[in-house]
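A.B. asks: Here's a structure for you.
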Amino acid sequence: MSIAIETRAPVEAALPSRAECEEFLIEEAALLNEGRFTKWYDLFLEGATYEVPQAGSPDEADSAEDLFYIADSYSRLGHRVARMTKKGHHSEWPASVCSRLIGNVRIVAKDDDGAHVESRFITHRSKNDVMDVFVGHHRYVLRVVDGNIRIAEKRSILDMNSLRPQGRVSIIV
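Each position in the sequence shown, counted from 1, maps to that position plus 2 in the numbering used here.
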């Protein structure tokens with residue numbers, strides 16, 4: 003199976019299996035843990051979106067109507083990644099040490115848009131002698147393109163009432 007990260011056998015089906023989705027999400031988390039943001043960005047299809055609604059928002063929140071911490075188009079996400087990889091030009095420089103755990107991966111629907119996948123996450127961030135923990139769930143639309151799983155949509159929903167004591171989201175959760 004191919005997950006557009008390393009050389010692997012291509013995904014044969016039009017839509018990925020649960021196991022293929024899980025492997026893809028674990029590899030995605032590894033890219034983020036390793037600070038390989040450009041490779042992570044390459045997982046997204048042109049036209050993809052990445053959103054992080056305000057803590058406490060319902061899953062169905064609309065970025066056109068509601069406050070979001072991040073509501074990036076594909077192009078805007080590319081600019082975010084470029085900023086994150088420049089020394090001294092982002093609030094994450096020097097970079098935080100992050101560890102992302104992914105679990106409870108399940109396919110909730112399959113349709114013409116792709117495989118609708120949900121997973122749970124815990125992200126630990128350490129910076130300046132402070133440890134922050136972000137918990138929540140991801141909602142994806144994944145598609146197979148040329149034998150590779152790619153991200154058409156990603157929404158990271160914080161299962162938290164607020165961002166205290168974290169205060170902000172300056173990392174990709």
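We treat Cβ as the ideally placed atom computed from N, Cα and C, and that holds for glycine.
(1) Out of F39, R152, T40, which one is the CA nearest neighbour of G116?
(2) Quick one: grab the DSSP three-state call for L103.
(3) Tell me where the beta strand (DSSP E) around S121 begins and ends.
(4) From the DSSP output, in three-state form, read off A97 for me.
(5) Please state the DSSP three-state secondary structure of A16.
(6) Short check: CB of I159 to CB of G138, under 7 Å?
(7) Keeping to the same chain, check which residues put their C-beta closer than 7 Å to that of I124; ignore five residues upstream and five downstream.
(8) Within the segment 22 to 77, note down every full beta strand (DSSP E) run reaching 3 residues or more, in order along the chain.
(9) Just list the residues that DSSP pairs K156 with in beta bridges.
(10) What is the rounded straight-line gap between the Cα of A63 and the Cα of M162?
(11) DSSP three-state call for M86: helix, strand or coil?
(12) Can you list, in chain order, the residues of its chain whose CB lies under 8 Å from that of D74, leaving out five sequence neighbours each side?
C.D. replies: Checking against the coordinates, here is how it stands:
(1) Taking the first residue of the sequence shown as position 1, residue 116 is located at position 114. It is R152.
(2) By 1-based counting over the sequence shown, the position of residue 103 is 101. In this structure, L103 counts as strand in the three-state DSSP scheme.
(3) Taking the sequence shown and counting its residues from 1, one reaches residue 121 at position 119. Per DSSP, S121 belongs to the beta strand (DSSP E) from 116 to 129.
(4) Within the sequence shown, residue 97 is the residue found at index 95, counting from 1. Residue state for A97 is assigned as coil, using DSSP reduced to three classes.
(5) Along the sequence shown, read from residue 1 onward, the residue named residue 16 stands at position 14. Reduced to three states, the DSSP call for A16 is coil.
(6) Counting from one through the sequence shown, the residue named residue 159 turns up at place 157. Counting from one through the sequence shown, the residue named residue 138 turns up at place 136. Yes.
(7) The sequence position of residue 124 within the sequence shown is 122, counting from 1. So the qualifying residues of the chain are L103, V135, V137.
(8) Entirely contained in the segment 22 to 77, the beta strand (DSSP E) runs reaching 3 residues are, in chain order, 46 to 55, 70 to 75.
(9) One-based indexing of the sequence shown puts residue 156 at position 154. BP columns for K156 point to Y52, Y142.
(10) Sequence index remark: in the sequence shown, residue 63 carries index 61 (1-based). Sequence index remark: in the sequence shown, residue 162 carries index 160 (1-based). Distance between the alpha carbons of A63 and M162 is about 15 Å.
(11) Residue numbering aside, residue 86 sits at position 84 when the sequence shown is read from its first letter. Helix at M86.
(12) Position 72 of the sequence shown holds residue 74. In its chain, beyond the 5 residues on either side, T51, Y52, E53, R82 have a beta carbon closer than 8 Å to the beta carbon of D74.
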